Structure formats: structure tokens, C-alpha cells
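Notes to accompany the following structure.
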Amino acid sequence: MLNNVVSTIAVILPPRERFRAADAGAAALTIYALNRVSRYIDSVVVFGGQKDHFADVSYEYVPVPFVWLLGRNLAYARACIQSLRAKSTRLIEVHNRVVLALRIKKALPDRMVTIHFHNDSWGMGGSRTVKERQHLLQTLDAAYCVSEYVAKRLLEDIPPELAAKVHIVHNPIEPTEVNVNSVRNDWIVYSGRFIPEKGVLELAR
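Residues 1 to 205 (our numbering) make up the sequence shown, in order.
What follows is the structure, encoded as C-alpha cells:
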């Protein structure tokens, strides 16, 4: 963790998400890219269940005791809540874990808690049904979606007044890493796991 960072914004990774250059996943890379250019970088601390991390982003390792007794997800939630309760964090942004976000909000109702969807909410625990999605939008302070499609799926059959809580935040890309002068092919490239919530079937069709 970088020194002298007061966490007023906490970014909560999924418990198994790796946040390091060697093998960071899509969600971790997106979080890393967003926070490197954020105007709030001096106030952001990323919380995760893995020790290794990117050196240039403030990070707090969350040890997970009693995994054998509680299960990893519940043990991680309790450890995050314990750490957050001792801090003056005002905004807690949970990535891709609805149940975790709801547990944190229940334990810390005076904090702003949001959920950031990197995938289709219909494939995640805590947001598979209309009732669950309505509950999460009524309970949490906001929801961020990486695309219009993800937002549309989240809001399907949801009361329209809750739509104001849903915001689209596209994944960032560093312009200097893209060669705009290179010869382009008419290809659509998919990079990711072949699982339903990634939308692979819809892409193939």
C-alpha cells in the first residue's frame, strides 16, 4: 500500500481477483486503468484478497480468516466490513459482487455503497431475478455498468424511477497504446472466458 493515502473512496475487488501485472483479469485491469487517471487518485484505495498488487496504486490487502468455517465469500465480506468500519471512507465501490455490496451496505448503512457491473447482472448471485435487481437498486446508492447492453439488462422490467441510479462507465483505454495508423482488418476480436455472462453466444450470433 502506498503511504499517506487517506481512503475516502474504497474500491473493493472480488475476493479472488488478482491485481498485479502478471495475471490481472479484465476487471482488475479496468480498475487499474480508471484509477491511474482519476482526479480522485489521492483518495482511492483498492481493497483485495490477494497480497501482490500494482505498485503505483494504493492497495490494502484484506486477510480472510475463518474461510474453512464461513466460506470465502462471507469471510471476505466480514473482513472488508471490519476494515472499512475503522476508516473514514465515504464511498465504497464494489466490483462484480452484488451480495458483497449488499452485505457492506447493511453493515455500514451510513456509507455510500455502489456496485460496478463488468458483466451481465443476470448471471450474478444477488441479481439474477427482477426482484433481486429491484432490491439492489433500491438498497444501494448507485450502479455502474460498462456498456449500454449491461445497463439495459440490469433495468429490464425494473420500475423506471430506479433508472436514475444506473450509470454507464465505459472501460478506458490509453490512447498512446493504440496505433491508429496501423492497417486494420474487418475483424471482431473477443478476449475472455467462454461463460454465459460474457455474452459470447450473443456475439457469435
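Note that CB positions come from ideal geometry on N, CA and C, so glycine has one too. Being a predicted model, the structure only gives us computed values, none of them experimental.
- When the Cα atoms are used, K51 and Y61 turn out to be separated by approximately 6 Å.
- Per DSSP, the beta-bridge partners of G48 are Y61.
- Y144 carries a strand assignment under DSSP once its states are collapsed to helix, strand and coil.
- Sequence-distant partners of K198 (beyond 5 residues in either direction) whose C-beta falls short of 6 Å from its own C-beta, in its chain, are G192.
- In the structure shown, L91 falls within a strand segment according to DSSP collapsed to helix, strand and coil.
- By the neighbour-count definition (other C-beta atoms within 10 Å, threshold 16), L201 is an exposed residue.
- Per the Cβ contact rule, the stretch 96–112 is not in contact with the stretch 155–162 (fewer than 3 Cβ pairs under 8 Å).
- According to the DSSP secondary-structure assignment, T114 is paired through a beta bridge with E93, A142.
- In the DSSP assignment, the residues bridged to H167 are Y144.
- DSSP places A10 in the strand class (E or B) of the three-state scheme.
- Close CB contacts of Y40 within its chain, under the 7 Å cut and outside five residues either way in sequence, are with I9 (chain order).
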